[in-house]
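Asks:
Numbering (the numbering used here), first residue to last: 0 to 360.
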């Protein structure tokens, strides 16, 4: 075990949402548990992404906290935390919702981001603050907590678990596709400005089936906007797209795991794919893939119109920065991604990542 600045046998992680951020937190808890297998790790998380942690071999206790549920949720959190004491709290959040559990958790040491990166005075909840850094990938931001504690990150591991029952359901789902090579498509991000045009997704799906021999499945959650955009793709495409949207995050995980390829904008399932090492083509224009892309894998498959304009298209608009230490957004740049841009990456994925016996239609 490494030389730590203070005891850290009982650790509380405050990292509540979204799905991509939870995925980025997993290498932290894996490294902490690998450093000391007896270390007890509690994770405070919102209910929506919590299934990623249930089960997880490095997380001993999961406590739900959704601030939007009001005072009853705060009281429930107080009851849960009143039964526990920690050596250290690691507040990975930068917004106010992370302040409440950080303040309520009983620990002599509370570590968080400084005022250069934390919003809403959240930095005041920590008595140890991480040094200021230039904008960097969210995964690297979370790994700073290990550096502070003197714990070696080592070879990064995510270890997203798929149970035996889920493996059986996965096998049953893909058996129905007759052994075809499968490309999953996520059409919708939580932020509308990250989304690609549905008519281009439809054209892409047609080409995936006709030119590459993929069976296309549409993945995502149960939200009305997700379902509407997916329906538009189904109505427009000539491919026999399989509808696989649904409310269960665990099901989404094992479906992403079973795909040969995933295509998605900047959204949580993209990071799940990276963690599971499912080849993923990321579509980026509104956000910077250097900050929010698949971490150190499949970077060559990313379509980047945040940092680079499409051929023959002049530079469009400055970066909108809401905070000097964070990369800003660029509106209106997702439309610079053409279907040809994505199909070029599909060809590269087939060449580099798909088994030869599955590379022909």
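A virtual CB, placed ideally from N, CA and C, is assigned to each residue, including glycine.
All of these numbers come straight from a predicted model, not from anything done at the bench.
If you draw a straight line from the alpha carbon of residue 332 to that of residue 305, how long is it in whole angstroms?
Replies: Those two C-alpha atoms are separated by around 7 Å.
Asks: Shorter than 8 Å from the beta carbon of residue 9 to some beta carbon of chain D?
Replies: Looking at the structure shown, chain D is missing, and only one protein chain is on hand.
Asks: First and last residue of the alpha helix (DSSP H) that includes residue 147?
Replies: It spans 137-148 - the alpha helix (DSSP H) in which residue 147 sits, taken as one unbroken run.
Asks: Taking the continuous alpha helix (DSSP H) assigned at residue 69, which residues delimit it?
Replies: Residue 69 -> no alpha helix (DSSP H), and no H or E assigned at all.
Asks: So, is residue 138 buried or exposed, given that buried needs 16 or more other C-beta atoms within 10 angstroms?
Replies: It counts as buried.
Asks: For a quick check, are the C-beta atoms of residue 329 and residue 284 less than 8 Å apart?
Replies: For residue 329 and residue 284, yes; Cβs fall inside 8 Å.
Asks: Whole-angstrom Cβ separation of residue 249 and residue 165, contact assumed at under 8 Å?
Replies: Yes, they are in contact, since the Cβ atoms of residue 249 and residue 165 sit about 6 Å apart, within 8 Å.
Asks: Residue range of the alpha helix (DSSP H) that residue 29 falls in?
Replies: Taken as a continuous stretch (DSSP letters only), the alpha helix (DSSP H) holding residue 29 covers 18-34.
Asks: Less than 8 Å separating the beta-carbons of residue 18 and residue 70?
Replies: Their beta carbons are not under 8 Å apart, which means residue 18 does not touch residue 70 by this criterion.
Asks: Taking the Cβ atom as the reference point for each residue, do residue 55 and residue 158 lie within a distance shorter than 8 Å?
Replies: It is a contact, given that the beta carbons lie within the stated cut-off.
Asks: Per DSSP, what kind of secondary structure is residue 324 in: helix, strand or coil?
Replies: The predicted position of residue 324 is uncertain, since its pLDDT is 46 and thus under 50; a value taken from the coordinates is nonetheless stated next. In this structure, residue 324 counts as coil in the three-state DSSP scheme.
Asks: Measure how close the beta-carbons of residue 266 and residue 189 come, nearest whole angstrom, since I'm counting them as under 8 Å.
Replies: Their Cβ separation, rounded to whole angstroms, is 7 Å, which keeps residue 266 and residue 189 in contact under 8 Å.
Asks: Mind the definition here: the region 253-262 touches the region 177-185 only if three or more C-beta pairs lie below 8 Å; say whether that holds.
Replies: Contact between the region 253-262 and the region 177-185 is present, because at least three Cβ pairs lie under 8 Å.
Asks: Between which residues of its own chain and residue 334 is the CB-CB distance below 7 Å, once the five residues before and five after are set aside?
Replies: These residues qualify, in order along the chain: 196.
Asks: Would you call residue 143 buried or exposed, if buried means 16 or more other Cβ atoms sit within 10 Å of its Cβ?
Replies: Its Cβ being crowded by 16 or more others within 10 Å, residue 143 is buried.
Asks: Looking at the strands, I want to know which residues DSSP matches up with residue 91.
Replies: In the DSSP output, where bridge partners are listed per residue, residue 91 has none listed.
Asks: DSSP state of residue 330, grouped into three classes?
Replies: Of the three classes helix, strand and coil, the one that applies to residue 330 here is coil, per DSSP.
Asks: Taking the beta strand (DSSP E) that residue 282 falls in, what are its first and last residues?
Replies: Per DSSP, residue 282 belongs to the beta strand (DSSP E) from 279-283.
Asks: Residues in the same chain with beta-carbon distance under 7 Å from residue 187, minus the five sequence neighbours each way, listed in chain order, please.
Replies: Excluding sequence neighbours, residue 187 sits near 194, 219, 224, 225, 228.
Asks: Looking at residue 119: is its Cβ nearer than 8 Å to the Cβ of residue 95?
Replies: In contact: residue 119 and residue 95 (Cβ atoms closer than 8 Å).
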